[in-house]
């Protein structure tokens, strides 16, 4: 047994030890069970430490070990292709500092789900607060502009003055419509059955996303079906899913086009399909690289746990809808969301 390592078999936690070259030396049955592999198979194969780590996490874990971190979190693949999130405590490093002499691990998957849901709640609350504050402020100011324009129209006689005031009135009404759309999804999370017009929600999302993605040099295009005007839509599931899809598209475009580029474009397409809202988030990134992008902890993003899309599909199906990812002709991804209208 390596110096400083407890006796593996006597520890109730899943635990393993490694030789000086970083290959598995010993493990207990709890460790093998966590990876869904027979203990005898693990001990016979003696895989090196990096092979126990999900490929997309290996570089990050190696760097953390070189920097002396002893508390890590990473994904590990099971034989059936599923992933488990492990929290690891480790002993001193072996060869090159990238492999530990011993590790004790814990299944952190359930805790990660809770963290992901809590993060989503905080993000939604931040969006709602931002949209609500901006909309109320604009409403107050524009109401005054509109009143003055209407007063001027009542008493104006010169044709050119009248044309100018009509332009002011038209612009003020347009901005008031935008703020009404922003307020549609600034509802509190307590309003679980809040609905709004589908076209109004689409315009509000377009306004916020266009502003948010401007700093990433992403051009946002809105393709809106006029038939959606006045169609009631349950706000919460639409907003939760679309926030995730747009964030993924933003990342994909940034990976393919780090700077400015004519193809760095994201399209929001909303249409009416029978009694459903059909929404597509279309990007021109590299496309879907995973066999099952909705699998828990599966992600091509090194900075993500891989729960966002899984939660988004759970949200869509939980409200009678669906979510799928399709390849875009010419490269990129089409994320297609369907939700029933008039629910809640």
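In the working numbering, the protein residues as written are 46 to 389.
For every residue, glycine included, the Cβ atom is placed at its ideal position computed from N, Cα and C.
None of the values given here were measured: they were computed from a predicted structure.
At least three beta-carbon pairs within less than 8 Å, the stretch 335-353 to the stretch 248-267: Taking 8 Å as the limit for Cβ pairs, the verdict is that the stretch 248-267 does not touch the stretch 335-353.
How big is the Cα-Cα spacing for residue 396 and residue 384? What is shown of the chain runs 46 to 389, which leaves residue 396 out entirely.
Would you identify the three-state DSSP class for residue 378, choosing helix, strand or coil? Along the chain shown, one-based indexing puts residue 378 at 333. Residue 378: strand per DSSP, three-state reduction.
Nearest CA to the CA of residue 272: which residue from 289, 317 and 284? Against the chain shown, residue 272 aligns to sequence position 227. Residue 317 holds the alpha-carbon nearest to the alpha-carbon of residue 272 among 289, 317 and 284.
What would DSSP say about residue 295, mapped onto helix, strand or coil? Numbered from its first residue, the chain shown carries residue 295 at position 250. In the structure shown, residue 295 sits in a helix (DSSP, three-state: H, G or I).
So what's residue 214 in DSSP terms, helix, strand or just coil? By one-based count along the chain shown, residue 214 stands at place 169. Helix, per DSSP.
Thinking C-beta only, is residue 299 closer than 7 Å to residue 270? If you number the chain shown from 1, residue 270 lands on position 225. If you number the chain shown from 1, residue 299 lands on position 254. The answer is no: Cβ separation not under 7 Å.
Which class does residue 132 belong to by DSSP, given the choice of helix, strand or coil? Position 87 of the chain shown holds residue 132. Residue 132 carries a strand assignment under DSSP once its states are collapsed to helix, strand and coil.
Euclidean distance between Cα positions of residue 65 and residue 94: If you number the chain shown from 1, residue 65 lands on position 20. If you number the chain shown from 1, residue 94 lands on position 49. For residue 65 and residue 94, the gap between their C-alpha atoms comes out near 11 Å.
Compute the Euclidean distance between the alpha carbons of residue 100 and residue 371, then round it to the nearest angstrom. As a first step, residue 100 must be located in the chain shown, where it is residue number 55. As a first step, residue 371 must be located in the chain shown, where it is residue number 326. Going by the C-alpha atoms only, they are around 24 Å apart.
Return the chain-ordered list of same chain residues with a C-beta closer than 7 Å to the C-beta of residue 386, the five sequence neighbours on each side being excluded. As a first step, residue 386 is located in the chain shown; it is residue number 341 there, counting from the start. Apart from sequence neighbours up to five positions away, the residues of its chain that approach residue 386 with a beta-carbon distance below 7 Å are 243, 276, 277, 278, 320, 321 and 322, ordered along the chain.
Do residue 241 and residue 280 have their C-beta atoms within less than 7 Å of each other? If you number the chain shown from 1, residue 241 lands on position 196. If you number the chain shown from 1, residue 280 lands on position 235. It is a contact, given that the beta carbons lie within the stated cut-off.
Going by beta carbon distance, what residues of the same chain come within less than 8 Å of residue 60, once the five residues before and after it are set aside? Counted from its first residue, the chain shown places residue 60 at position 15. The answer, listed in chain order, is 51, 53, 72, 73, 75, 76, 147, 148, 149 and 150.
If we count the other Cβ atoms within 10 Å of its Cβ and call it buried at 16 or more, is residue 360 buried or exposed? As a first step, residue 360 must be located in the chain shown, where it is residue number 315. Buried is the call here.
Output the boundary residues of the alpha helix (DSSP H) element that contains residue 244. Here residue 244 refers to the residue found at position 199 when the chain shown is read from its first residue. Run containing residue 244: 243-259, per the alpha helix (DSSP H) assignment.
When burial is assigned at 16 or more other CB atoms within 10 Å of the CB, is residue 307 buried or exposed? As a first step, residue 307 is located in the chain shown; it is residue number 262 there, counting from the start. With fewer than 16 neighbouring CB atoms inside 10 Å of its own CB, residue 307 falls in the exposed class.
Here's a check: name, in chain order, each residue in its chain whose Cβ is nearer than 8 Å to the Cβ of residue 349, leaving out the five neighbours to either side. Here residue 349 refers to the residue found at position 304 of the chain shown. Residues of the same chain with a CB within less than 8 Å of the CB of residue 349, apart from the 5 flanking positions on each side, do not exist.
Ignore the nearest five residues each way along the sequence and tell me which others in residue 58's own chain have a CB closer than 6 Å to its CB. By one-based count along the chain shown, residue 58 stands at place 13. Cβ neighbours of residue 58 beyond the five flanking positions: 149.
To the nearest whole angstrom, what separates the beta carbons of residue 330 and residue 297, a pair I think is in contact under 8 Å? Here residue 330 refers to the residue found at position 285 of the chain shown. Here residue 297 refers to the residue found at position 252 of the chain shown. Between residue 330 and residue 297 a beta carbon distance of about 3 Å is seen, short of the 8 Å cut, so the two are scored as contacting.
Own chain partners of residue 218 with C-beta closer than 8 Å, once the 5 adjacent residues on each side are dropped: Position 173 of the chain shown, counted from the start, is the residue given in the question as residue 218. The beta carbon of residue 218 sits closer than 8 Å to the beta carbons of 191 from its chain, once the five residues preceding and following it are set aside; these are given in chain order.
Candidates 125, 118, 199 and 212, of which the one nearest residue 152 by Cα: The residue given as residue 152 occupies position 107 in the chain shown. Out of 125, 118, 199 and 212, 118 has the C-alpha closest to the C-alpha of residue 152.
Residue 351 to residue 121 span [Cα, whole Å]: Locating residue 351 in the chain shown gives position 306, counting from the first residue. Locating residue 121 in the chain shown gives position 76, counting from the first residue. One alpha carbon belongs to residue 351, the other to residue 121, and they sit about 13 Å apart.
For residue 361, the first and last residue of its enclosing alpha helix (DSSP H): Sequence index remark: in the chain shown, residue 361 carries index 316 (1-based). That run of the alpha helix (DSSP H) goes 353-363.
Mapping DSSP to helix, strand and coil, what is residue 272? Working through the chain shown from its first residue, we reach residue 272 at position 227. Helix, per DSSP.
Do you know offhand how far residue 258's Cα is from residue 295's? Position 213 of the chain shown, counting from 1, holds the residue named residue 258. Position 250 of the chain shown, counting from 1, holds the residue named residue 295. One alpha carbon belongs to residue 258, the other to residue 295, and they sit about 7 Å apart.
Would the beta-carbon of residue 328 fall within 7 Å of that of residue 252? Along the chain shown, read from residue 1 onward, the residue named residue 328 stands at position 283. Along the chain shown, read from residue 1 onward, the residue named residue 252 stands at position 207. Result no, Cβ atoms of residue 328 and residue 252 do not sit closer than 7 Å.
Give every residue of the same chain whose Cβ lies closer than 8 Å to the Cβ of residue 214, excluding the five residues on either side of it in the sequence, and list them in chain order. In the chain shown, counting from the first residue as 1, residue 214 sits at position 169. Answer for residue 214: 191, 194, 195 and 198, listed in chain order.
Using the three-state DSSP reduction, which class does residue 145 fall into: helix, strand or coil? For the purposes of this step, residue 145 is identified with residue 100 of the chain shown, where counting begins at 1. In the structure shown, the three-state DSSP call for residue 145 is strand.
Return the chain-ordered list of same chain residues with a C-beta closer than 6 Å to the C-beta of residue 109, the five sequence neighbours on each side being excluded. In the chain shown, residue 109 corresponds to position 64, counting from 1. Excluding sequence neighbours, residue 109 sits near 117.
Give the straight-line distance between the Cα atoms of residue 345 and residue 107, rounded to the nearest whole angstrom. In the chain shown, counting from the first residue as 1, residue 345 sits at position 300. In the chain shown, counting from the first residue as 1, residue 107 sits at position 62. If you draw a straight line from the Cα of residue 345 to the Cα of residue 107, it comes to about 18 Å.
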